[in-house]
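full-length UniProt numbering applies: residue 1 is where the sequence shown begins, and numbers increase by one.
Quick reminder that beta carbons are idealized off the backbone N, C-alpha and C, glycines included.
Single-structure report; data block below.
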Amino acid sequence: MFWWLFKSPYRVEQPSKPWPIILWLQGGPGASGVGIGNFEEIGPLDTNLKPRNSTWLKIADLLFVDNPVGTGYSYVEDAELLVKTDDESATDLTTLLMELFNTDESLQKSPLYIVAESYGGKFAVTAGLSILKAIEAGKLKQKLGGVTLGDSWISPEDFVFSWGPLLKDVSRLDNNGLEKSNSLAEKISQQLKDGEYTEATNTWIQLESVIGAYSNSVDFYNFLLDSGMSPVALTTSAFSNGIFAVNRYSRYLSSLRVSPGNDDGDIDSLMNGAIKKKLKIIPANVSWGGQSDSVFWYLAGDFMKPRIAEVDELLSKGVNVTVYNGQLDVICATKGTEAWIDKLKWEGLQDFLNKERIPLYCKDDQATKGFFKSYKNLHFYWILRAGHFVPVEQPCVALNMARAITQSPAAEAS
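Here it is as structure tokens:
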């Protein structure tokens, strides 16, 4: 399993606030944190290898892991070794962290904050519990600071039920499209009740294809855009043989080619070219992202399973859980996120829901950038004018949010 740790040059030594480490987990499943999260979102350099002003390295050390095996530079020589469940992925990741932290006392002084995006959220909550168990058993010398779920695929059922109403409200679907969408969402719900998880994944693919057709190719990462317009997510908007979801997923993994603000940042060429050459440890027969499609299909039986119970368990154990969502996201729409939060059995839920939201701003800009609500160890950020990729679309407020989540001793993001 491949990992890349960046030590921050901005590190501040403050005994009362130890310098944090952020473990970034990408989605997919099968998307590369080492590639996408690092060069497209929060790492020190963009895909043109130019400095990123909004890098989260300003507030923490950054650990990117190509998780699970088969993702990015991580690879298997036997496909049967690819993980089939989120729990298997969590076990592998915990084993890696034990190897990494137990032999380095300097790293043990920094609390670990898991920050995840999209399907990475499911990895984050299962890994969070696995990591906590290893810490309590004395097998991992580390402190878990918290788990952050960014536009995360925690409850697929709630998300598929959110798509139709959301897209109808913003005029991307009419009543016909809404009816078709809701009908397939109901089918998915029944399949989940019947334990037909792989079948539910296949119906999810069908649902995304139907929504694509009725909305004239809405971008699932930002409903203000058509598929292919996003500078972060896609490069084409083609529908092929009715399997839009798989094609969009594949493009999400293999492209993300246009770096925000630039027109020539090809991450696939970068990772299989200059970066691979610089690292000097990637086998010649391994290509970045070469096994990503297989990662997805091996997890097809787990893809539509919810992880609400795992969030509840983290909360009950006192772990800080932060949720953030981009206003314009479709795939992990805020409406769906709020729906699964309402299902939590955590004893503090009602007090959390009753709390008033606080508006968020950035620097001297008086425009509202988002809202924040917090009660005990559950925290929620609503990020305005951002879709699925919050750190890219609202970098200033995202950096300030990360600083607050990690209780970093770094000065407020500027």
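C-alpha gap between residue i and residue j, whole angstroms
{"i": "Glu186", "j": "Ile211", "result": "15 angstroms"}
{"i": "Leu344", "j": "Tyr375", "result": "14 angstroms"}
{"i": "Ser110", "j": "Ile21", "result": "6 angstroms"}
{"i": "Lys369", "j": "Lys280", "result": "42 angstroms"}
{"i": "Tyr10", "j": "Thr55", "result": "11 angstroms"}
{"i": "Ser408", "j": "Glu393", "result": "22 angstroms"}
{"i": "Ile282", "j": "Tyr73", "result": "7 angstroms"}
{"i": "Thr198", "j": "Pro391", "result": "32 angstroms"}
{"i": "Val147", "j": "Asn320", "result": "6 angstroms"}
{"i": "Leu23", "j": "Ser155", "result": "22 angstroms"}
{"i": "Asp104", "j": "Trp163", "result": "46 angstroms"}
{"i": "Ser189", "j": "Lys180", "result": "14 angstroms"}
{"i": "Ala60", "j": "Trp19", "result": "6 angstroms"}
{"i": "Leu140", "j": "Asn175", "result": "53 angstroms"}
{"i": "Lys276", "j": "Ile308", "result": "38 angstroms"}
{"i": "Trp340", "j": "Trp346", "result": "12 angstroms"}
{"i": "Lys278", "j": "Tyr214", "result": "46 angstroms"}
{"i": "Gly289", "j": "Gly30", "result": "8 angstroms"}
{"i": "Leu315", "j": "Arg385", "result": "29 angstroms"}
{"i": "Ala137", "j": "Asn53", "result": "40 angstroms"}
{"i": "Gly177", "j": "Val170", "result": "13 angstroms"}
Cβ-based burial, residue i [other Cβ within 10 Å; buried from 16]
{"i": "Ile114", "result": "buried"}
{"i": "Ala358", "result": "At residue 358 the sequence reads Ile, which differs from the Ala that was named. Looking at its Cβ environment, which holds fewer than 16 other Cβ atoms inside 10 Å, Ile358 is exposed."}
{"i": "Asp342", "result": "exposed"}
{"i": "Gln366", "result": "exposed"}
{"i": "Gly273", "result": "exposed"}
{"i": "Gln327", "result": "buried"}
{"i": "Gly195", "result": "exposed"}
{"i": "Leu49", "result": "exposed"}
{"i": "Pro395", "result": "buried"}
{"i": "Glu41", "result": "buried"}
{"i": "Gln14", "result": "exposed"}
{"i": "Ala284", "result": "exposed"}
Beta-carbon proximity list for residue i, same chain, < 7 angstroms, skipping 5 on both sides
{"i": "Leu192", "result": "Glu157, Ala200, Met304"}
{"i": "Gln26", "result": "Ser32, Gly33, Ile36, Gly37, Glu117, Gly120"}
{"i": "Ser294", "result": "Gly70, Ala79, Leu82"}
{"i": "Val397", "result": "Leu360, Cys362, Lys369, Gly370, Ile383"}
{"i": "Ala410", "result": "Tyr10, Val12, Lys58, Ile59, Arg403"}
{"i": "Thr337", "result": "Val323, Asn325"}
{"i": "Val160", "result": "Ala185, Ile188, Trp204, Leu207"}
{"i": "Gly387", "result": "Tyr221, Asn222, Gly326, Leu328, Asp329, Glu393"}
Own chain, CB closer than 6 angstroms to residue i, minus 5 neighbours either side, in chain order
{"i": "Val330", "result": "Phe220, Phe223"}
{"i": "Leu107", "result": "Phe101"}
{"i": "Met1", "result": "Val69, Ser74, Leu96"}
{"i": "Lys335", "result": "Ser162, Leu166"}
{"i": "Phe352", "result": "Tyr375, Leu378"}
{"i": "Thr94", "result": "Ser130, Ile131, Ala134"}
{"i": "Asp312", "result": "Leu344, Lys345, Trp346"}
{"i": "Leu144", "result": "Leu112, Ile131, Leu132"}
Cβ shell of residue i (< 8 angstroms), same chain only, five flanking positions each side left out
{"i": "Gly318", "result": "Asn377"}
{"i": "Val76", "result": "Val69, Gly70, Leu82, Gln291"}
Residues sharing a beta bridge with residue i, DSSP
{"i": "residue 419", "result": "The chain is shown only over 1 to 414; residue 419 falls outside these bounds and no answer can be derived."}
{"i": "Leu112", "result": "Ile21, Leu144"}
{"i": "Ser118", "result": "Ser152"}
{"i": "Ile358", "result": "Phe372"}
{"i": "Tyr10", "result": "Bridge partners of Tyr10: none, in fact."}
Inter-stretch contact at 8 angstroms, needing at least 3 Cβ pairs: the segment 86–94 / the segment 127–135: Short answer: they touch.
Three or more C-beta pairs closer than 8 angstroms, one from the segment 282–299 and one from the segment 74–83: is that the case here? The answer is yes - the segment 74–83 touches the segment 282–299, with three or more Cβ pairs under 8 angstroms.
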